[in-house]
Amino acid sequence: SEPRTFRIAAIPADGVGTEVVAAGRAVLDALAAGSDGSFAFDWQEFDWGCAYYARTGKMMADDGLEQLKEFDAIYFGAVGWPTVPDDVSLWGLRLKICQNFDQWANVRPVHFLPGVLSPLRKADDTELDWVVVRENSEGEYAGLGGRNLSGRGPGGEVAVQSSLFTEVGCERIIRFAFDLARTRTRRKVSSVTKSNAQQYGMVLWDDVFKRVAAEYPDVETESVLVDAMSAKFVLKPEDLSVVVASNLNADILSDLGSALAGSLGLAASANLNPERRFPSMFEPVHGSAPDIAGQGLANPIGAVGSAALMLEHFGLPDQAARLNKAIETVTGAGTLTRDVGGTATTDDVTKALIDALGD
Ligand code: NAI
Ligand code: MG
133 SEPRTFRIAA IPADGVGTEV VAAGRAVLDA LAAGSDGSFA FDWQEFDWGC AYYARTGKMM
193 ADDGLEQLKE FDAIYFGAVG WPTVPDDVSL WGLRLKICQN FDQWANVRPV HFLPGVLSPL
253 RKADDTELDW VVVRENSEGE YAGLGGRNLS GRGPGGEVAV QSSLFTEVGC ERIIRFAFDL
313 ARTRTRRKVS SVTKSNAQQY GMVLWDDVFK RVAAEYPDVE TESVLVDAMS AKFVLKPEDL
373 SVVVASNLNA DILSDLGSAL AGSLGLAASA NLNPERRFPS MFEPVHGSAP DIAGQGLANP
433 IGAVGSAALM LEHFGLPDQA ARLNKAIETV TGAGTLTRDV GGTATTDDVT KALIDALGD
């Protein structure tokens, strides 16, 4: 039969983004090459990012969203470089894609790998595995507000940054979390807010959580304030399965989770448009890491794990499992980049992953 060909837009963007996207592409191409022609990837690479901005004054082409619409998925690196203000680069590319393609569910597994030392002593003898589900379309990143609202000028400036919580937005992400919990061994959803202090939007979130929870009597629940949840990540992570939180809170918690698992370089992420009206976007959790960019030091595992999430989205769970198994084989064998205590380069790990696919 004809191979299924998946059209993927690659946007490596900045810093280590270019290194880890190249690594992920090489691993995915090796996977397809070993599939006896049952599936293939058709890549198109876009050079958007901070270097593009230096040439054009824009982070992406004017018709960039139109171009991306045609693809089955977007494989993203990381955006941001010291030459462009971070709010300009992030809003001009990554957030623009997430918001316009209504990628409202951001799934960020916290996965502990063999051979990688966790700063948590508990990780040695306790099974730890949870996933952060981030509301990815509103909340604190709604982009609502303004500067110099007092009109007072230098020294007297006032800025407002508002959070937006809609009942529809809360409900869809909370429902997503419950549905995800039903696919997991531990059926539990932990909802995270700061509703004692933020009494409008986050109390709405809490109310929706209670209402939706009633429809999932088979799923255990808890509501935890974000400060307490950050402590719980460290002290009682074995009690977590699915953690659902607003845009900012989940962003922070997922970096904490990946650090607990050993490194920001390990963490994978999927920005999903669950209705599939638009392409979803797969990217490592980390940023462009200017401190190590261009030196072959970037850990490609976050990007490769994100490719596995993309394969699941394509309906290829067995291939995703192959990729995840290759990751475990490689870390278990001690082929590790510097961020996780090894001396291997990005290329060393990439080659090892490709070799492990053959096992
Ligand atoms: P970062 O994630 O780039 O780096 C934080 C630390 O983690 C650094 O010490 C870095 O060396 C390390 N690290 C990150 N990725 C790694 C990898 N693959 N292998 C090994 N070590 C790795 O966060 P930072 O420094 O706050 O931001 C740098 C730039 O990235 C900024 O311009 C920021 O706006 C942008 N950024 C972009 C994101 C995205 O595109 N999704 C997400 C976060 C930040
Ligand atoms: Mg982040």
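Using our numbering, the first residue of the sequence shown is number 133, and each one after it goes up by one.
We treat Cβ as the ideally placed atom computed from N, Cα and C, and that holds for glycine.
All values derive from a computational prediction rather than experimental measurement.
Notebook entry, point to check: Contact check, Glu-177 vs Ala-142 under 8 Å by CB: the rounded distance?
Noted result: 5 Å
### Message
Could you compute how far the alpha carbon of Ala-345 sits from the alpha carbon of Thr-188?
### Response
49 Å
Next item on the list: Report the rounded CA-to-CA distance for Ala-453 versus Trp-236, giving the unit in angstroms.
Entry: 25 Å
**Q.** Three-state secondary structure assigned by DSSP to Pro-144
**A.** strand
message: Can you give me the C-alpha to C-alpha distance between Val-324 and Ala-377, rounded to a whole angstrom?
response: 5 Å
Please list, in chain order, all residues of the same chain as Arg-279 whose beta carbon is under 6 Å from its beta carbon, the five residues on each side excluded. Ala-291
- Between the C-alpha atoms of Ile-433 and Leu-249, what's the straight-line distance to the nearest angstrom? 15 Å
| field | Whole-number beta carbon distance between Asn-405 and Val-472, since they are thought to touch under 8 Å | value | Going by Cβ atoms, the distance from Val-472 to Asn-405 rounds to 32 Å, so no, they are not a contact pair.
Decide if the segment 396-410 is in contact with the segment 343-363; the criterion is three or more beta carbon pairs, one per stretch, under 8 Å apart. no
| query | For the segment 144-207, which segments carrying the alpha helix (DSSP H) assignment without a break, of at least 4 residues, lie completely within its bounds, in sequence order? | reply | 148-165, 182-188, 196-201
Whose C-beta lies closer than 7 Å to the C-beta of Asn-268 among residues of the same chain, with five residues either side of it excluded? Cys-230, Gln-235, Trp-236, Ala-237, Asn-238, Asn-379, Asn-403
query = Do Glu-460 and Ser-438 have their C-beta atoms within less than 8 Å of each other?
reply = no
**Request:** Determine the DSSP secondary structure at Glu-299, reduced to helix, strand or coil.
**Result:** helix
*Proximity winner among Ala-488, Gly-285, Lys-228, relative to Asp-194 (alpha-carbon distances)*: Lys-228
Along the chain, which unbroken stretches of the beta strand (DSSP E) at least 3 residues long are found entirely within the segment 202-245?
205-210, 237-243
- Message: According to DSSP, is Leu-249 part of a helix, a strand, or is it coil?
- Response: coil
key: Selected residue, minimal CA-CA separation from Gly-394, among Lys-342, Arg-253, Met-442   = Arg-253
Subject >> Endpoints, the beta strand (DSSP E) within which Lys-320 is located >> reply: 320-325
message = Quick check on Asp-480: does DSSP put it in helix, strand or coil?
response = helix
### Message
By DSSP's criteria, Ser-355 is part of a beta bridge. Which residues make up the other side?
### Response
Ser-323
key: Straight-line Cα distance separating Leu-276 from Gly-474   = 43 Å
### Task
Just grab the DSSP bridge partners of Gly-277 for me.
Gln-293
By alpha-carbon positions, which one of Ala-488, Thr-315, Ala-329 ends up nearest to Asp-350?
Thr-315
Exercise. Take Lys-326 and list the residues in its own chain whose beta-carbon comes closer than 8 Å to its own, dropping the five residues that flank it on each side.
Key: Met-334, Leu-357, Val-358, Asp-359, Asn-381
| said: Less than 6 Å between C-beta atoms, sequence neighbours within five positions excluded: which residues of the same chain meet that for Met-442? | reply: Ala-205, Phe-414
With 16 other CB atoms within 10 Å as the buried threshold, where does Gln-293 fall? exposed
Check: Which of the three DSSP states, helix, strand or coil, is assigned to Leu-404?
Finding: strand
| Does the beta carbon of Asp-179 fall short of 7 Å from some heavy atom of ligand 1? | no
Test: Trp-236 CB closer than 8 Å to a CB of chain D = Included in the structure is just one protein chain, with no chain D present.
_Below 7 Å, is the gap between the Cβ of Asp-218 and the nearest heavy atom of ligand 2?_
no
What does a CB cutoff of less than 8 Å around Val-340 pick up in its chain, not counting 5 residues either side in sequence? Glu-299, Cys-302, Glu-303, Ile-306
Inter-residue Cα distance where the pair is Asp-174 and Ala-309 = 32 Å
Run the proximity test for Val-417: is its beta-carbon closer than 7 Å to any non-hydrogen atom belonging to ligand 2? yes
In this structure, does DSSP put Glu-460 in helix, strand or coil?
-> helix
| message | I need the boundaries of the beta strand (DSSP E) containing Asp-383, first residue and last residue. | response | Looking at the DSSP string, Asp-383 is not in any beta strand (DSSP E); the run it does join, the alpha helix (DSSP H), is 379-392.
Option nearest Val-436 by Cα separation, candidates Asp-387, Leu-489, Ile-384, Gly-426
Leu-489
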